[in-house]
Each structure stands twice: as structure tokens, then as C-alpha cells.
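S.K.:
Protein chains in written order, with this note's numbering: chain A, 29 to 347; chain B, 29 to 347; chain C, 29 to 347; chain D, 29 to 347; chain E, 29 to 347; chain F, 29 to 347.
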């Protein structure tokens, strides 16, 4: 019987269980409550209170869980099976009791991630809007600022949005200010789209981040960009944050602030595969808004990007 | 922390948990594997292999679980709170290993329900197509044929469909032939739509079932129909089968064989509420096909009908 | 083998042919080119050049053909099987070579219907916008003005729309002026919605038409309205024109000028069934715009209304 | 040239201007900045920060403006033309600079409405979620608590939602506590749907409001309910608040907290028409969420309900 | 008059017939019943009973016929007009009387294709799921195993799926085992996506097929891949099977097992054009599921791929 | 207060105004009626009466205005801020009183553009179907035929479509014949898709236009194509016409005559950016049909292409 709370037995061929059946956990992994049972925690963060235009990413975790039941185990390029390398489980959604105020909601999120990190578990999170990355980084309390690999259409390093310091347009500005990430070991890929002020771009560049706009990405190509990212982060502990809007809206329309002229999914996948061996200590996939996604393809993209990250994350964890 | 595998604590005000969060079980009840913990089992039956035109009801359980997180506990008319009356849990989906052959799939379903009934648990099931009712009834192995209350646009008492005996158009013909239901204590409500042969209607009527076509329903009104149903089934053990296509496609478009001119949801709800006190020993809601339901309203209707049934079922169970 | 150009053999149970297969003709009737083979012609009129706001009804015939494959033969209330009473075939779509000018397009349509009527065949047409009714009536060249039963949200008796005489808001004004229909034997049912001028309502009423607004319909009820319609048209030759927007947009959203507060489909069906025995000499179903109908329910409603009309039309033809 | 900032000239037949053209203001009224030019202000309140489950009503004003271009001037039942009675204009959207905190956002809204009321202008507002009604009532600063006519599936008189006092589930509790409305002259119509606590229903009833649940509405019928509402509010200054979810999701699916078993649009319209002569001093239409409305029918319903209210409001203003 | 059963007269400019009119046959070719009239048969195979996750491809033929009315005759690159080279007609859908059992359904399909091949007609088929290719190959009864050009995200060479031998994931394994295709002259292009077992990939590779995963495709480019395919199949009789999921879901979302990171349509078209001169003896386009395709673009892609294949197939037939 | 009719103050950070608020003008520019206040006019042309298959582009201006509120001011590649360079305003939609006849509608459009050009204002127009470009060119009354840069899937140089001279498939044939454009200084990019006659392609080529089919585009690459376009138009006054169907339907599905195998948005943007410095005297974006665009992405593409053009147009105007 295919029940969610049984451990996924990779010695048995799961091809015999229809993927539309059962209650969907992320990747059909077991739902666990005891963090000591796992190496990597798949976590939902259903929060989008820091969005300006089009909320809806609060529904992201549920729908990505749904589509993630289409995912399988062995990577067709690397032949990595993350479930052979690590113990991986879904630990449900972050509880956010104080949902109506951004600062308090972010504090609630932090609290939960502190438990995860203090248990020695590495989280792969699914948002929610991009504001959730800040409390995750805060929970890590890194001794030394982390390196950052950040895929996005926007730098998310604005000082304020609509007069607020904590929105989905500002997390990496705050993270730098709070000493959570080291801009000189940070790279942003896929940036594009007009802005009403240059201050976001300028902060990223001036603080020392490597900002790879789409036009430069096109010229360099995947391989060169991968090389550069690897050079920037080296062997240092690195957080990977994946905003789905780095990908072109043709491939991933279901997001609140789409910008045309973005990455293809094949480029996105190739970039992540290129990061094998990077010292990852956490990652997230954010800004999937299922209500804006009539064909469901964006949630599928989100689930697949999550799987791609899981493959390199599991290799990093067992290293 | 709002996790699915904690028991729903009705002493705590669940109004503090956002409904879009967490992994969706039916009605946000706990996911249970030990049948001895519950009185009523909420069960998914993700099977639609017996459909002619438009399959997709295999995805019904998952999406109805999703929308059922919008449901709450206290009924606004009867003030019944089923969770106060009974122990209720989600036991996941029926495993159906042999999904490509109808006869074998139905046998797989039966096997699972035998366990439920032998544990003394009453199932409230969510299909799947209407063929699933037959194996549920078979699993009951009633000493005496059951009474049946059946809401549907179609009698589902055809002898064959496309040359097959076991399809979603034939379950109640088979159930009568196999002695599982007593047609003289059976009633079908909401029947309508042209047919290529009168044999379905004729079998129902000639076998002694009370068939209430939509036109007669309109003339009689809810109260009279309720009275008649209660007279027909009396105090006898009764199974309730709810095909979502009994409801008009304006209210519930997401189903494979829609027929215009059906029940409103308010009529549907009033009919179910009228059945308080009937001796129910099981029930199902079938034929919700989420892929045919762009606005999601049909899954919401399915979840609410399920809740309405749960209210009268829980009263029946504690009687 | 289920092929479209075989005659539908009503002695063989068509229940054995899957409805999603085959090239869709209206009601899965044979496609005929020789008018002498049939009594009733099912005709598509893919024209919507006379629409102000939202065109798209030009795609109506194709999608209604598609959904009409869900229709069956024996009416569940009257037990009429139109295919037993009459020879019925699909004669394809009206050719409209001059599609970019309204007046010429209407002339093209007229030409085609002249052939149908001179062959003694009765047409049941599917639009297209409501402008198509005028050329059909012209083709009839009635010696005496016809009686009219007209279901619609709008009277369609404006003098002009956007300065034009021939639009989908004016056909019945023109038909009165051209002596094609007799307003004193005409009735309009379902009228509602604000107007920028009272002249449409006034023309209908002042010319002698019976205009039954929705509010009066609600008060009278289906039976009284049916009685009144029958009194008005009596035994005289009568044309039936069914604008899908007479039905509420909850039931039939896919139309260009929806008005809330309309008929339910059950009321619509009951009204048509009430017209058994009326001396019908032609009918149409218009204004279904599939592109505005995400769930496809409007085309299903259109196909079912067409079937309901076919039942009473076939009785009229054999009388 | 059809431009938005020309005054709608009701002496010229607007039937000559295509409704899909031009920048959409509410009802195609002129966009005004000088409040002294108008009697009734049509106002958008694009705020949904107080929603638990499904935000999106912030997009309501824009899409209702869009669909409102389908509205016309003369009511088909009452023959009232509100533009003949009053000077009516669109004054744009309420500016809400502090959008990320509920309490501050509501204060921003209040500020704007104080200007409207101090200019002697009567607002007809379009939300936004239901939290916006509270700041509107506050801006009125009534000497004596107002009467309230409230259409909704929910009483919105909860004390808290997710631990917060100011959400879209609490405005009328706060309004009673703040002395803005008089519960003994308040009536709530269309209430239905299960609840996790009876406290909302109980507050309404115990405070003296007349709560007409759907079941009682069905028994009483439109006429009796209208009579009762009129008796309750009498000649006193009355605010009318229309939550679109009072209407059944078959008719209005695009809303964040749909409850099946609601009003039909025809019932909704008839109820409003029944309120002619009531002493209205303001009104709103809330909770239309266009992103949840694939066919656009909910925005059409919202625009038409707005028009119906405008008709009775304009009569009240000129009295 | 544009009627389906007239032969498409390529001497007359068909630009004068609106494409939305008429009953849609594939490419607006004549519907033929006499196989002796044609060289190439366009055939629908509305069968999806061998699908695990998301059925719906049974509706593929009808919707691809619909969209194929947008196709025109002269190829813009090669200037080939297939209708000048060959007699081409639509022969309707394969009758599949035994639709509820996979093995029998496949046998029904085989029977029909035996007639086509024995009449010397070359079929271009439209599925349906990928299981339909097996019975087509069986009907060919090749003396020597055929060469195969196979575009797909999946190798479809699994031994079993959900415990069954005959599903849409196994046809080419069976075809090799039954001696219908020669793996050493077979090539699979576009393969990607994780798997729960490597056995599918391994079977393809170990049996001697050339498997070009997406990553290798990206490196080689269209021209190199074309060269390699041509080398592999040489002058031998070759079957071309086109699974729409070889194309990225951004371009073709409407399919049951989408995998991100696939071909663009331009790549897909260029690959097919590169196969001019290959000795094709049949071809199919499968796995288009219209119900999963809200914008209809996938059916358009399916129709265009079909047209591209028709161009090279017609050249092969006349050679 | 954020009102549309205030001038966009680029000294104030517009980041503080939520983009979903307010009545949408193009790019949130002020709505102006006095042409002397602006250098560049953003104009809507809601006309699609010259379309064969799928009308709906008449709704383009309204929905592109809506999505254009997502646009911002500073270009991320060129750092151009068009609002710093020029005075730019939305002047509403072209009035088209005679909408039911193509020739007259085009004349109405011409009349309006004559006013724009005689005021020395440069228009950036949004269709509407492609027939609207002809009357815009006519209004220019150029002394010497203009140069043309034309992005499209189709050459739109057919002599007739469905027997008419003035359709959306013929504007550039007419423009050449009327001496409005000089084919030897004209270039068409993105051409593809089969045709029923070669005469469109042939006219373009034989008249001296440079026609870059998609296949050649792929081989040349963006940079070479840009070079060639610049060589062709040189310093001469040039009109830029952008048909959204030049872009692949994966990126822009919402258009009436989609052709697969087109430009990506990134290619489209790069092409436009490559045209900096070209002597532009007007431009348009046409054929966005919102009703065919379930996810809204096409209108977003339309708005962004419009912004890209605005950047190069403003540089041209101030030169």
C-alpha cells in the first residue's frame, strides 16, 4: 500500500505505484516529524505577505508537492540517485502563526529553521515569496558570511519597496547588511527587466556581487557562467536561492513578477548540474504562484528544479 | 506546528491555522494507518479506468483533499460537529496495483474495503469513477441486500457499455444482480439526459427502484423527495452514493459526463440534510474530474458534499 | 467502423461507439450533400461579423458539433427519438464567400437557405451571431408573415447599432419591417439587462410583440409562459430562434453579450418541451462563442438545446 | 473621440461607442479629480492584505472597471437612469501608501474617505477585501450608529482571525464595538457554510442583528426578505455592503472564500431592487478576485451588482 | 461551397475559404472511404487506455483535426506541396470496439492498419498514446525489421509499467522483441528526465539503439544529429514515431508526461526537414492531450509537426 | 494620491505606488488630450475587423495597457529612461465610428493619425490587427516612401485574402502600391509557416524587400541580422511595425494566426535594442488577442516589446 508515512523503499521498484495516487509529499518522500531520521529536509514555506503586485506564492508548496509526485529518482545525466546518498524526508510546512505582519512572520520562519539547523539537517525549501530566504539565512547564524548563488530576474537588493524594508525585493540587501552573506562571494544570474531606479543593480555591483545579466549570460554561455560561479564560491559554505522568475515566462508563467527574455529550462537545469561539488548548506525554490499558472507547467518546473538541486545537495551533504 | 499527522484537536480553535498550509488530508483530519483509532475512514479511490468519454476522476481524491482544507467543523444549519461525535481520519488512497484491467482493479479495491469493514470502520470514499461503488458494496458482504440512496444524472443500471459489463455506467445493475442492494429499497434522484436505449431506465424501474427524474423532482420539491426517500429506506442499513453529475454543470462542470438541467448545490445540500437519522453504513462521492474544472469549483462542491455527508454519517455511526 | 459518412443506423445500438471518436458532425448524424435524402438539415453558420463587443461565435458550429457527439437519441421526458421520426443529416456549413461585409455576407447566407427551403427541407441552424436569423427568414419568403418564438436576453429590435442597420442587435426589427414576421404573433422570452435607450424594448412592445422580461417570467413560471406562447402562435407557421444568452451566464458563460439574472438550463429545457405540437418551420441556436467558454459548458448547453429543439421540430415535421 | 475624461453626455446616444474601446473607468463615467463636480463617487479600493486564504481582490477594481464598460444606463425593470438623476464620476483608486501593514492601510483608506464625505459626496466603492468597509464607516463619523444591510456568506463578525483583530472576517464586529453601526438596525443576508466556532454567528445574533441564513432565505423568498430588511432599517441612514460571495460560486466563482449553496444573481438583483427608497448613504461591492475567475463572469456580476446599487443609490441621493 | 467531402482542388486558391468553417478533417483533405483513391492516409487513433498518469490523448485526433485547418499547403523552406505530389485523404478514426482492455484494443488497431497496408497506402497516424505504435508496426508485418526514428522524452523501452507489458512506456521494447524494428538501425532523440530505474535507457543502448539525450543534442546541434540519423537508417525502410513530449512543455504543455528541458519547435521542425529523402513507410504523432492544453498551442504544434512529416513522407512515397 | 491624470514625476521614486492600483494608461503615463504637451503619443487602435480566422485583437489595447503597468522606466541594458528624454503620454484610443466596414474603419483611423502627425507628435500604436498599419502610413503622407522594419511570421503582402484587398494579410502590398513604403529599403524578419500560394513571399522578394525567414535568421544570428537591417534602412525615415506573431507561440500564444518555430522574446528584444539610432518616425505593436491568452503572458510580451520600442523611439525623437 502506497502510504505517505512509509519510507520510500528504493530497493523496490516504485514504478509500480501510480503517481496520481496518495497524499502528495515532496517527491513522494516520507513525511517525518523526527528530524534525527533525515539528512535533508524538504520544507514548505507558504508565505507571500511581502509581495507587491500579485500574491499567490503561499499556495506554492502545496502545488509543487502535487507536481513533485511526477519526479523520479535517478538523474538521467549524472545517474545520481539522491535517495541512495541521503535520508530525505518531507517535514511539512513551516508554521507561521503571525501571518498578517511581515516582520513577525519572518521571525516565525526563522524560529523553525533554527530547529532544523540545530538538528544538523540541511533544508531544501519551497516558497512562498523571496522574503523567506532572509529568515532562513538568519536561522543559520553563520560564523562567517555565506557565499550565495542566486538565480533571479531581479537582484532583490533594493533598500525598500513601497516604503518597506522587508519585502520580496529586499532580502539580499538585508542579508548583506546583517552579515549573513558575503557579497564578494555572491553571484546573481538571470537579472533583467527595466527598473524605476538603478539602486538595486548598483547595490549588488558596488557591494562586490557578480551580477550576470541575461545579455551577458547569452554571450558567455552556460559553461563559462558555471566556471565563473564555481570560481566565486570556491569551497566555501554556499546557499543556493532559486527564484522561478529567472526562467522565462514562456517556460514558467506562474509567478508574480514575470520578466520576458529569461532562461530556458534546459539552461536552468544545465547551470544547476554544473554546480556539482559546490559546498551547499541549504537551498530554496521560490515565487511559484499556482493561481497564475493555468497549465500547471510552472509547478512542474518548480518541482524539477527542486529535484535538480536535490541531486547536487545530496552529493554535497555526503561529501 | 500545523502538521498533518497530529490529531485535529477540536478543543483548540483551528481558526488560527491558515488553510493553505500543510499537506492536505481530507478535511485536515489526521492521517491514520491504524484503523482501530477511528470510527469513520475518509478514503480516496483514484481509479477511472471504467470511463468511456472523459477520464480524469483518478485525480479526484487529491484535488478534493486540497479543496477540503477549506471545510470547517460546525454545520451552520444543524450545528452538528462530526469531529465531536466520531473519531475521523484520512487513511490515504486505496492501493490498486492492477490498474490496467477493470475487473482486477475492482478486485483490488474490494480487498482494501474488506479490511475497513472488518475493522468496524465506516468508510466515506472519494472516487474515482462510479465503477468503484461496486467493489465497496461487495466488500460489505451484506447478509441482506442493502438499501441505496443514489444521486446521479444517470441510473448507472445499464447492462453493458461499449460491450463491457463493468464500467461506470453499470455498477448498480451488477449490485442488484449480485444481491448487494435491494432495488425495492433503492431510490435514484436527479436522473436526466437523453439515452440511446431505454434499458437503463427500464431496469431501474422494473426492478423496483424509485427513479426520481429531474422533472418530477422539480414538481415535488426537496421536502417531498426527502420524505419519500426516508419512507423507502426506513431504518434499514443504507448506502449513500453521490455522483457529482447529479448537480448541474453550472455548479459542477468538472465531470466526465455532464448533463445540463440538474440539481443546484443548495438543493443537493438540503436533500442530504434531510437524511439525518437514516441508518447509513457507508457513502461515497464520485466522478469529480479536476482536469475538466478550470475554476476549481467542482472540487469545492465535492468537498462540501463530502462534509454534508460526514455530518449525517457521524450521527448515524454514534446512534 | 464508425465513420461519419455512414448513415446512423438506429436499429443498431450506438452505445457501442465511443463518443470521442470520429469526425464530429452535428449529433453524429450522417454528413449529406443530397438534400433529397433528409427531412431536417442541421446547418452551421459560422459568421459573427455583425457583433459589436466580443466576436467568436464564428467558431460556434465547429465546437457545438464537437460537444453534440455527447448527445443521445431518446428524450428522457417525452421518450421521443427524433431519428425514428425523421431523416436528419448534417449538411455542413453555409459557404460565405464575402465575409468582410455584413450586407453581402447575409446575402450569401440567404442564397444557401433558399436551396434548403426549395428542397422542402427544414433547417435547424447553429450560429454564428444573431444577424444570421434575418437571411434565413428572408430565404423562407413566407406568403404570410411568420410567427416567432424568440428566447434572448435582448429584444434585438434596435434600429441601429453603432450606426449600422444590420447587426446582431437588429435582426427582428428588420424582419418586421420586411414583413417576414408578424409581431402580433411573436413572443420574446428572457429579456433583461439595462439599455442605453428604450427604443428596442419599445419597438417590440409597440409593434405588438409579447415581451416577457425575466422578472415577469419568474412570477409567471414555466407553465404559464408556455401557455401564453402557445396562445400567441397557435397553429400558425412559426420560427424558433434561440439566443444562448437568454440563459444565465452561470450556465452559459461563453457568449459575447452576457447578462446576469437569466434562465436556468432546466427552465430553458422545460420551455422548449412545452412547445411540443407547435407548427415549427425552422429554428436556430445562436451566439455560442467557444473562445469565451473555458470549461466548454456553453457548447454543451448549445448542443443540448439543439437536441431539445430537434425533438419538437421532428414531431412538427412528421405531423 | 471617445475619451475617458470627457463627461458622459447622456443626451447623445452612447450606443455608438464600442464598449471595448477606451480606457475603462467605472461605468464609462468621466474620471474626475474635483469632488465638487459630482454627487456620487465611484471609488476603487485595491487592498486585500487582510485575507487569509486566497488574496487577489486587490485586482478587483481594475477588472470590474473593465467589465463595467458593458453596463448601460437605463434599468430594464425600474426604468431608472442614474446618470439622469445624479452627477456620477470615477475618482480613481484610494491611495494606500502603507500597504504592508493592515492597521496602517486601513488608516490610509479612512483618510481618503473623510475627504469624500466632507465634500458631501456619496461613495460607491469597489474592493478589495471586506476589511475595507471598516475604514469607510470610520470616515463617515456618524453621530448616531448607522443601519447596515449586509449581503455575505459570512457574518464577518468574528473577534479574531489567525489571531488578528483586523481582517476580512472581523469588520462588522469592530464596527459595532466602535459604535459605527447599530446591530439592532442591521441585517445580514445569505449567511451559510460551516464554521470552526459559533462565535461569529452568535455575536451577530446576540448583538441584535437580524441574520438570514440561506435556508431561511429560501423559505421566506425574496419579497418577504425585502419587507423585513425595510422594516429593520426604516428611514434611517443606512450603509449597504455587498460581498460577492453571498452569491453562489456557480454564478460568481472568482472570490477567495467561496461557499456553495448561495444566492442566484437573479435573487441578488431582486433583493437590491427591493431596496428602492431606503436611505442609503454609501455602499460597497467587495471580494471579487479576478485571478480566480477564468471566464470573467464574476467581474461581470460585480459590475452589474454595482450598477443595480447605483440605481437605488442615485434615487436615495436625489430624494 | 466548402464541404469536407469534396476533393481539395489545389488548382483553386484555397485562400478564399475561411479556415474556421466546415467540418474539420485532417489538413482539410477529403474524407475518403475507398483506400484506392489515396496514396497517404491520415488516420486518427483515439486510444489512451495504456497511460499511467494523465489520460486524455484519446481526444487528440479530434482536436488536431480542428487545429490542422490552420495548416496550408506549400512549405516555406522546401517549397514542397505534398498535395501536388500525392493523393492524400483523411480516412477517419480507427474503430476500437474493445476499448476497455489494452491487449484487445491494440489488436483492434492492428486489424485496421492491415487493411491500410494491404491496400498499398502509407499511413500518417495521430494518437492517442504511444502504445498505438506497436499495433501499427505489427500490421506492417515487415519481412526484415524496420529502421526507426523516434522523437521522445522517454525511450519507451521499459519492460513493464505498473506491472503491465503493454503500456505507453513499453512499445519499442515489444517491437524489438517481436522483430518489428532493428535496434541497430534505430535512433531515439530528445530523451531526458529522471527515471526510477535505468533499465529503459539500458535496454535501448544495449540493444544497439542510438540514444541521443537532450544534453548531447544540445552539444551536437541539429545538423550533426540529422547527419547521424541519416547514417543510421540509410536507405532502409523506416518508421518515424513522433511523441509530442520530445518538445519542451513551454511549447507543448498539453501532454500526459511532460519533461522540462526539451526541444524547441524550431529544432523539432529543422530535424524533420533534415530527414528529406529518408525511405519512410509510415509515421505517427502521439501523446497530444487537448484537455491539458488551455491555450490550444499543443494541438497546433501537433498539427504542424504532422504537416512537416507529411511533406517528407509525400516525397518518400513518390520516389 | 495616485491618479492617472497626474504627470508621471520621474524625480519621485514611483516604486512607492503599487502597480495594480489606478486606472491603467499605457506605461502609467499621463492621459493627455492636448497633443502639444507631448513628443510621443501612445495610442490604442482597437480594431480587428480585417481578420480572417480568430478576431480578438480589438481587445488588445485595453489589456496591454493593463499589463503595461508592470513596466518600469530605466532599461537594464542601455540605461535609457525614455521619460527623461521625451514627453510621453497616452492619448487614448482612436475613435472608429464606422466599425462594420473595413475601408471606412481604416479611413477613420487615418483621420486621427493625421492630427497626430500634423501636431508633430510621433505615435507608438497598439493594435488591433495588422490592417491598422496602412492607415497610419497613409496619415504620414510621406514625401518620399518610408523605410520599413517589419517583424512578423507573415509577409502581409498578399494581394487579397478571402477576395478582399484590405485585410490583415495585405497592408504592406497596399503600402508599396500606394507609394508609402520603399520596398528596397524594407526588411521583414521572422517570416515562416506554410502558405497556400507563394505570391506573398514572391511579392516581397520581387519588389525588393529583404525577407529574412526564420531559418536564415537562425543561421545569421541576431547581430548579423541587426547589421543588415541597419544597412538597409540607413539614416532614412523608418517605420517599425511589430506583429506579435513574429514571436513563437510558446512565448506569445495569444494571437490569431500563430505559427510555431518563431523568435524567442530574448531574440526579439535584442533585435530591437540593436536598432538604436535608427531614424524612427513611428511604430506599432499589433495582433495581441487577449481572449486567446489564458495566462496573460502575451499581453505582457506586447507591453514589454512596446517598452523596448519606446526606448529606441525616444532616442530617435530627441536626436
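Cβ coordinates follow ideal geometry from the N, Cα and C atoms, glycine included.
What residue does the beta strand (DSSP E) around residue 235(F) start on, and which one ends it?
M.R.: By 1-based counting over the sixth chain, the position of residue 235(F) is 207. First-last for residue 235(F): 227–235, but that is the alpha helix (DSSP H), not the beta strand (DSSP E).
S.K.: In three-state DSSP terms, what is residue 211(E)?
M.R.: As a position in the fifth chain, residue 211(E) is number 183, starting the count at 1. Strand at residue 211(E).
S.K.: What residues in its chain sit with their C-beta under 7 Å from that of residue 324(A), if we drop five residues either side in the sequence?
M.R.: Residue numbering aside, residue 324(A) sits at position 296 when the first chain is read from its first letter. Excluding residues within five positions, the ones whose Cβ falls inside 7 Å are 95.
S.K.: What residues are listed by DSSP as bridge partners for residue 176(B)?
M.R.: Walking along the second chain from the start, residue 176(B) turns up at place 148. Bridge partners of residue 176(B): 214(B), 267(B).
S.K.: What first and last residue would you give for the alpha helix (DSSP H) that runs through residue 313(E)?
M.R.: Here residue 313(E) refers to the residue found at position 285 of the fifth chain. Looking at the DSSP string, residue 313(E) is not in any alpha helix (DSSP H); the run it does join, the beta strand (DSSP E), is 308–314.
S.K.: Say whether chain D places a C-beta atom closer than 8 Å to the C-beta of residue 285(B).
M.R.: For this step, residue 285(B) is matched to residue 257 along the second chain. No, residue 285(B) does not count as interfacial toward chain D.
S.K.: Distance check for residue 172(D) and residue 235(D), CA to CA, integer angstroms please.
M.R.: Counting from 1 along the fourth chain, the entry for residue 235(D) is found at position 207. Counting from 1 along the fourth chain, the entry for residue 172(D) is found at position 144. Cα-Cα distance, rounded: 17 Å.
S.K.: Taking C-beta to C-beta, are residue 158(E) and residue 271(E) nearer than 8 Å?
M.R.: Against the fifth chain, residue 158(E) aligns to sequence position 130. Against the fifth chain, residue 271(E) aligns to sequence position 243. Yes. Within cutoff.
S.K.: Tell me the DSSP secondary structure of residue 58(F) in three-state form.
M.R.: Here residue 58(F) corresponds to residue number 30 of the sixth chain, with the count starting at 1. In this structure, residue 58(F) counts as coil in the three-state DSSP scheme.
S.K.: Cα separation between residue 184(E) and residue 240(A)?
M.R.: Sequence index remark: in the fifth chain, residue 184(E) carries index 156 (1-based). Sequence index remark: in the first chain, residue 240(A) carries index 212 (1-based). Their backbone Cα atoms lie some 39 Å apart in a straight line.
S.K.: Would you tell me roughly how many angstroms separate the C-alpha atoms of residue 52(B) and residue 223(B), rounded to the nearest one?
M.R.: Working through the second chain from its first residue, we reach residue 52(B) at position 24. Working through the second chain from its first residue, we reach residue 223(B) at position 195. Spanning the two alpha carbons is a distance of roughly 39 Å.
S.K.: Taking the straight line between their C-alpha atoms, what separation do you get for residue 47(E) and residue 279(C)?
M.R.: Position 19 of the fifth chain holds residue 47(E). Position 251 of the third chain holds residue 279(C). Rounded to whole angstroms, residue 47(E) to residue 279(C) spans 29 Å at the Cα level.
S.K.: Would a C-beta distance cut-off of 8 Å place residue 116(E) and residue 109(E) closer than the cut-off?
M.R.: By 1-based counting over the fifth chain, the position of residue 116(E) is 88. By 1-based counting over the fifth chain, the position of residue 109(E) is 81. It is not a contact, given that the beta carbons lie outside the stated cut-off.
S.K.: Using the beta-carbon of each residue, which ones in chain E are nearer than 9 Å to residue 126(B)?
M.R.: Start at 1 with the first residue of the second chain, and residue 126(B) comes out as number 98. Within chain E, the residues near residue 126(B) are 190, 191, 192.
S.K.: Report, in whole angstroms, the separation of the C-beta atoms of residue 237(E) and residue 215(E), which I expect to be a contact under 8 Å.
M.R.: To locate residue 237(E), count along the fifth chain from 1; it is residue 209. To locate residue 215(E), count along the fifth chain from 1; it is residue 187. Confirmed, about 7 Å.
S.K.: Taking a Cβ distance cut-off of 7 Å, strictly less, list which residues of the region 49–70 of chain F are near chain D, in chain order.
M.R.: Those would be 49, 50, 51, 52, 53, 59, 61, in chain order.
S.K.: My parser needs the alpha helix (DSSP H) runs of 4 or more residues fully inside the region 52–105 of chain F; what are they?
M.R.: 88–96
S.K.: Look at the Cβ atom of residue 135(E), then the Cβ atom of residue 290(E), and state whether they are nearer than 8 Å.
M.R.: Counting from 1 along the fifth chain, the entry for residue 135(E) is found at position 107. Counting from 1 along the fifth chain, the entry for residue 290(E) is found at position 262. No; because the gap between Cβ atoms is not below 8 Å, this pair is not in contact.
S.K.: How big is the Cα-Cα spacing for residue 50(B) and residue 127(A)?
M.R.: If you number the second chain from 1, residue 50(B) lands on position 22. If you number the first chain from 1, residue 127(A) lands on position 99. Residue 50(B) and residue 127(A): Cα-Cα distance of roughly 14 Å.
S.K.: Roughly how many whole angstroms lie between the Cα atoms of residue 54(F) and residue 316(F)?
M.R.: Here residue 54(F) refers to the residue found at position 26 when the sixth chain is read from its first residue. Here residue 316(F) refers to the residue found at position 288 when the sixth chain is read from its first residue. Going by the C-alpha atoms only, they are around 15 Å apart.
S.K.: Which residue from 246(D), 81(D), 100(D), 74(D) puts its Cα closest to that of residue 88(D)?
M.R.: Here the question's residue 88(D) lines up with position 60 in the fourth chain. It is 74(D).
S.K.: Looking at residue 304(F): is its Cβ nearer than 8 Å to the Cβ of residue 260(F)?
M.R.: On the sixth chain, position 276 is the one that residue 304(F) refers to. On the sixth chain, position 232 is the one that residue 260(F) refers to. Result no, Cβ atoms of residue 304(F) and residue 260(F) do not sit closer than 8 Å.
S.K.: Would you mind giving the Cβ-Cβ distance between residue 288(A) and residue 329(F), rounded to the nearest angstrom? I have them listed as a contact below 8 Å.
M.R.: On the first chain, position 260 is the one that residue 288(A) refers to. On the sixth chain, position 301 is the one that residue 329(F) refers to. Their Cβ separation, rounded to whole angstroms, is 5 Å, which keeps residue 288(A) and residue 329(F) in contact under 8 Å.
S.K.: Please state whether the Cβ-Cβ distance between residue 86(C) and residue 148(C) is less than 8 Å.
M.R.: Residue mapping note: residue 86(C) aligns to position 58 of the third chain, counting from 1. Residue mapping note: residue 148(C) aligns to position 120 of the third chain, counting from 1. Taking C-beta atoms as the reference points, residue 86(C) and residue 148(C) fail to come closer than 8 Å.
S.K.: Spell out the partners DSSP gives residue 151(E) in its beta bridges.
M.R.: The residue given as residue 151(E) occupies position 123 in the fifth chain. Assignment of beta-bridge partners to residue 151(E) by DSSP yields 69(E).
S.K.: Taking a cut of 8 Å between CB atoms, which residues from the region 195–209 of chain A lie near chain D?
M.R.: 195
S.K.: Would you mind stating whether residue 203(E) and residue 165(E) have Cβ atoms separated by less than 8 Å?
M.R.: By one-based count along the fifth chain, residue 203(E) stands at place 175. By one-based count along the fifth chain, residue 165(E) stands at place 137. Yes, the pair counts as a contact, with Cβ atoms nearer than the cut-off.
S.K.: At a Cβ threshold of 8 Å, is residue 338(E) touching chain B?
M.R.: Position 310 of the fifth chain, counted from the first residue, corresponds to residue 338(E). Contacts with chain B at 8 Å (Cβ-Cβ) do not include residue 338(E).
S.K.: Hey, out of 90(B), 78(B), 141(B), 107(B), whose CA is closest to residue 226(D)'s CA?
M.R.: As a working note, residue 226(D) is residue 198 in the fourth chain. Ranking 90(B), 78(B), 141(B), 107(B) by Cα distance to residue 226(D) puts 107(B) first.
S.K.: What's the call for residue 346(B), buried or exposed, on a 16-neighbour Cβ count within 10 Å?
M.R.: Along the second chain, read from residue 1 onward, the residue named residue 346(B) stands at position 318. Its Cβ having fewer than 16 others within 10 Å, residue 346(B) is exposed.
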